[in-house]
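Heads up, the thing below is written out as structure tokens.
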């Protein structure tokens, strides 16, 4: 459990009235989110909800042939384990850590009790569910319509929002999965953004060198989802800054 | 493990009341699954509504004033992009409801809801829904589970759109529509298919011709007929089955209205 006076960095928890947060705190346990760890597999059991305090977690759909594609991203604006919020304990998608970080964990039974006791908690979780739905909705539309460079730019903006730095680790394999394309397609798209001076991508490290340029290169899906997060949760789709 | 608080007026429900005569049979899957006494109370807030073809029930970023429990027909949920292009992201038939934001304390929708096969619905306004959810744990549970199932459908659509060829996506989409249609033949325009799959009309024609040449469908003059359902299932990507399985697990109804016949 985090010390009483430690500031909570997770946006959903930070939005709770102070007394409700204090009641919740004894149930929260700090855990690590190590790079590449699978938090729960596709069709797996969800035993707890994780409120990230930093880092980034991908939610991945697995197709019949075993190909995986990212359908959602969670950072400290959100939580992992939405099924538990809705009274289910199974997840269709895999949750895998994509940028290491930490989280506050609450078990299923404790979450149920807390939701029963706190209208504020129910409200913020419901609103997050809607915001997350918006993110997946835009991903579905985006995957159908937009060019690979646009989708890569969008995805890099989301990652940049959560990285807390302009440079972060990013493997080819991960990008390929994220976008649902083969690795040569990734190289091509990354080459386009790099030639335009928007990013520098060398040996598994991604540096965003021109953020406004990257925003202009991305499709609007980035802004649409971000607007929904801001409207519903008041935080923007990402930690501020 | 902690026991749930006991309800004072637990489990003493009257047996064999004369109220059993239902004015009409409920066809909506979410409502039909409710305990009879919960449904009887909710009925007071339900009003029949028409779903005329092509009607916009609420627009993108529009206000949602009521939920519609679909009794027949099919409604598309459509995302609009900045260039005005529209892409379908979800489909609702009588297994579900239109207006999920209201069930979660919001009254705005990111997506447009448009009728794609005419039908009817039972409409409940925001205040009645709130009261109903306050009183009925079964309704809350149904809505929560439907939200997860719907989320699975959108998730699968996102993955499918990234990976699968147009003909497979068309087959998937026709299966979903067939599940919700009252028969093997249903109206379907080129424009709608083009929006649904987010490809040009010529690309739709090619994909439809592929399925037609394989004698899985017959498509002409704005109507589609499914002539070989098992073949269509084989031609579809697995995404159809993934979402259907989730619906069955969460709601027990197989991801759509039960297949006619």
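Chains as they are written, first to last, in my numbering: chain L, 362 to 602; chain G, 223 to 483.
Glycine residues also receive a C-beta, built at the ideal position from the N, C-alpha and C atoms.
Keep in mind it's a predicted model, so treat the numbers as computed, not measured.
Residue 378 of chain G to residue 493 of chain L span [Cα, whole Å]: Here residue 378 of chain G refers to the residue found at position 156 when the second chain is read from its first residue. Here residue 493 of chain L refers to the residue found at position 132 when the first chain is read from its first residue. Distance between the alpha carbons of residue 378 of chain G and residue 493 of chain L: 15 Å.
Backbone secondary structure at residue 428 of chain G - three-state DSSP: Along the second chain, read from residue 1 onward, the residue named residue 428 of chain G stands at position 206. The DSSP-derived three-state label of residue 428 of chain G is helix.
Closer than 7 Å to chain G by CB, residue 506 of chain L: In the first chain, the residue the question calls residue 506 of chain L occupies position 145. Yes, its Cβ sits closer than 7 Å to a Cβ of chain G.
Simplified DSSP state of residue 264 of chain G, which is helix, strand or coil: Counting from 1 along the second chain, the entry for residue 264 of chain G is found at position 42. If DSSP states are grouped into helix, strand and coil, residue 264 of chain G belongs with the helices.
Per-residue burial, residue 380 of chain L [other beta carbons within 10 Å of its own, 16 or more giving buried]: Along the first chain, one-based indexing puts residue 380 of chain L at 19. Answer is exposed; the Cβ neighbour count stays below 16.
Residue span of the alpha helix (DSSP H) that contains residue 287 of chain G, given as start and end: One-based indexing of the second chain puts residue 287 of chain G at position 65. For residue 287 of chain G, no alpha helix (DSSP H) segment is defined, and its DSSP state is neither H nor E.
Residue(s) in a DSSP beta bridge with residue 301 of chain G: Counted from its first residue, the second chain places residue 301 of chain G at position 79. Looking at the DSSP assignment, residue 301 of chain G forms a beta bridge with G/309.
Outcome for residue 275 of chain G when other beta-carbon atoms lying within 10 angstroms are tallied against a minimum of 16: Looking up residue 275 of chain G in the second chain gives position 53. Residue environment analysis places residue 275 of chain G among the exposed positions, since fewer than 16 neighbouring C-beta atoms fall within 10 angstroms of its C-beta.
Neighbourhood of residue 550 of chain L by C-beta distance below 6 Å, restricted to the same chain and skipping five residues each side: Here residue 550 of chain L refers to the residue found at position 189 of the first chain. Once the five neighbours on either side are set aside, the close Cβ partners of residue 550 of chain L are 509, 510, 513.
Beta-carbon proximity list for residue 604 of chain L, same chain, < 7 Å, skipping 5 on both sides: The displayed coordinates of chain L run from 362 to 602. Any statement about residue 604 of chain L would go beyond what the structure contains.
Which residues DSSP lists as bridging residue 583 of chain L, in chain order: By one-based count along the first chain, residue 583 of chain L stands at place 222. Paired residues: none, contrary to the question.
Given residue 444 of chain L as reference, the closest of L/472, L/506, L/507 once Cα atoms are compared: The count along the first chain starts at 1 and reaches residue 444 of chain L at position 83. Among L/472, L/506, L/507, the Cα nearest to that of residue 444 of chain L belongs to L/472.
Three or more C-beta pairs below 8 Å linking the region 550-568 of chain L and the region 582-591 of chain L: Three or more Cβ pairs closer than 8 Å define a contact, and the region 550-568 of chain L falls short of that threshold against the region 582-591 of chain L.
Within chain B, the residues that residue 487 of chain L reaches when beta carbons sit closer than 7 Å: Protein chains L and G are contained in the structure displayed, whereas chain B is not.
Chain L contact for residue 257 of chain G (CB, 7 Å cutoff): The residue labelled residue 257 of chain G in the question sits at position 35 within the second chain. Taking 7 Å as the CB threshold, residue 257 of chain G stays off the interface with chain L.
Simplified DSSP state of residue 295 of chain G, which is helix, strand or coil: The residue labelled residue 295 of chain G in the question sits at position 73 within the second chain. If DSSP states are grouped into helix, strand and coil, residue 295 of chain G belongs with coil.
Start-to-end residues for the alpha helix (DSSP H) that takes in residue 504 of chain L: Working through the first chain from its first residue, we reach residue 504 of chain L at position 143. Where residue 504 of chain L is concerned, the enclosing alpha helix (DSSP H) starts and stops at 480-506.
Chain L contact residues for residue 323 of chain G, given Cβ-Cβ distances below 8 Å: Within the second chain, numbered from 1, the residue matching residue 323 of chain G stands at position 101. Under the 8 Å cutoff, chain L gives 491.
Local conformation of residue 419 of chain L per DSSP, three classes: Along the first chain, one-based indexing puts residue 419 of chain L at 58. Of the three classes helix, strand and coil, the one that applies to residue 419 of chain L here is strand, per DSSP.
Option in G/396, G/311, G/327, G/339 with minimal Cα separation from residue 351 of chain G: Residue numbering aside, residue 351 of chain G sits at position 129 when the second chain is read from its first letter. Nearest to residue 351 of chain G by alpha-carbon distance, out of G/396, G/311, G/327, G/339, is G/327.
Whole-angstrom distance between residue 394 of chain G and residue 439 of chain G, CA atom to CA atom: On the second chain, residue 439 of chain G is found 217 positions in, with the first residue counted as 1. On the second chain, residue 394 of chain G is found 172 positions in, with the first residue counted as 1. Roughly 13 Å separates the two Cα atoms.
Residue 388 of chain L versus residue 475 of chain L - alpha carbon distance: As a working mapping, residue 388 of chain L is identified with position 27 in the first chain. As a working mapping, residue 475 of chain L is identified with position 114 in the first chain. Taking the CA atoms as reference points, residue 388 of chain L sits about 9 Å from residue 475 of chain L.
Residue-chain proximity (residue 590 of chain L, chain G), Cβ-Cβ < 7 Å: Counting from one through the first chain, the residue named residue 590 of chain L turns up at place 229. No, residue 590 of chain L does not count as interfacial toward chain G.
Chain G residues whose Cβ lies nearer than 8 Å to that of residue 412 of chain L: Position 51 of the first chain holds residue 412 of chain L. By Cβ distance, chain G contributes nothing, its closest Cβ being about 19 Å from residue 412 of chain L, past 8 Å.
Chain-ordered neighbours of residue 338 of chain G on chain L, where CB pairs are closer than 8 Å: Here residue 338 of chain G refers to the residue found at position 116 of the second chain. For residue 338 of chain G, none of the residues of chain L pass the 8 Å Cβ criterion, the least Cβ distance being about 17 Å.
Cut-off 7 Å between Cβ atoms - residues of its own chain near residue 244 of chain G, not counting five sequence neighbours on either side: By one-based count along the second chain, residue 244 of chain G stands at place 22. Caution applies to residue 244 of chain G, whose pLDDT of 48 falls short of 50 and renders its modelled position unreliable; the value that the coordinates give is listed next. Residues of the same chain with their beta carbon placed closer than 7 Å to that of residue 244 of chain G are lacking, with the five preceding and five following residues left out of the count.
Alpha-carbon spacing of residue 337 of chain G relative to residue 298 of chain G, whole angstroms: Within the second chain, residue 337 of chain G is the residue found at index 115, counting from 1. Within the second chain, residue 298 of chain G is the residue found at index 76, counting from 1. If you take the alpha carbons of residue 337 of chain G and residue 298 of chain G, they lie about 6 Å apart.
Helix, strand or coil at residue 248 of chain G according to DSSP, with G and I counted as helix: Within the second chain, the letter at position 26 stands for residue 248 of chain G. Reduced to three states, the DSSP call for residue 248 of chain G is coil.
Same chain only: Cβ atoms within 6 Å of residue 429 of chain L, ignoring 5 sequence neighbours per side: For this step, residue 429 of chain L is matched to residue 68 along the first chain. Excluding sequence neighbours, residue 429 of chain L sits near 421, 423, 538.
Identified DSSP bridge partners for residue 280 of chain G: Taking the second chain and counting its residues from 1, the one referred to as residue 280 of chain G is at position 58. DSSP lists G/335 as the bridge partner or partners of residue 280 of chain G.
Interface partners of residue 304 of chain G on chain L, CB under 7 Å: Within the second chain, the letter at position 82 stands for residue 304 of chain G. One finds 581 in chain L with Cβ atoms closer than 7 Å to the Cβ of residue 304 of chain G, taken in chain order.
Simplified DSSP assignment, three categories, for residue 452 of chain G: Within the second chain, numbered from 1, the residue matching residue 452 of chain G stands at position 230. Of the three classes helix, strand and coil, the one that applies to residue 452 of chain G here is helix, per DSSP.
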